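Take a look at the structure set out below.
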Amino acid sequence: MKLKSREGLKRYSPTEQLLDKDFIAKAVWECLENNDPEGVVEVIEAHMRAVNRTKAAKDIDLPRSSMYNAFKGKNPTVKTLAKLVHCCV
């Protein structure tokens, strides 16, 4: 589909929003309010992709495999989630 005019359109970059700590905090809180633990993991995972998982894993002294397994199984421990969130603060 081609647009006749691009006037009034803005480029949207989800990465900017995913790097915004306030946005991430609100999204996680909303997931918790709605009893959506999978949503919490998805929000943190998206944020970690934007931040760079490998760099974050090194920063918090967490084996990279633990980080990938946390998101692969979608059931990370609270301790792992806390480390991931803390490294991004």
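Residue 1252 is where the sequence shown ends in the numbering used here, and the numbering goes up by one at each step. From the three backbone atoms N, C-alpha and C, an ideal C-beta is built for every residue, glycine too. All values reported here derive from a predicted model rather than from experimental measurement.
Only residues of its own chain outside the window of five on either side were considered, and among them I1187, A1190, V1191 and C1194 have a CB closer than 8 Å to the CB of V1206, listed in chain order.
Excluding its 5 nearest sequence neighbours in each direction, G1202 has C-beta neighbours in its own chain below 7 Å: C1194, listed in chain order. Inter-residue distance for D1224 and F1234 is about 17 Å (C-alpha atoms, whole angstroms). Considering only N1197, A1213 and R1174, the residue with the shortest C-alpha distance to K1184 is A1213.
Secondary structure note for P1177: its alpha helix (DSSP H) is the uninterrupted segment P1177 to L1181. The alpha-carbon separation between N1232 and P1226 amounts to approximately 10 Å. Cβ-Cβ separation between L1182 and M1211: approximately 11 Å, too far for a contact (criterion under 8 Å).
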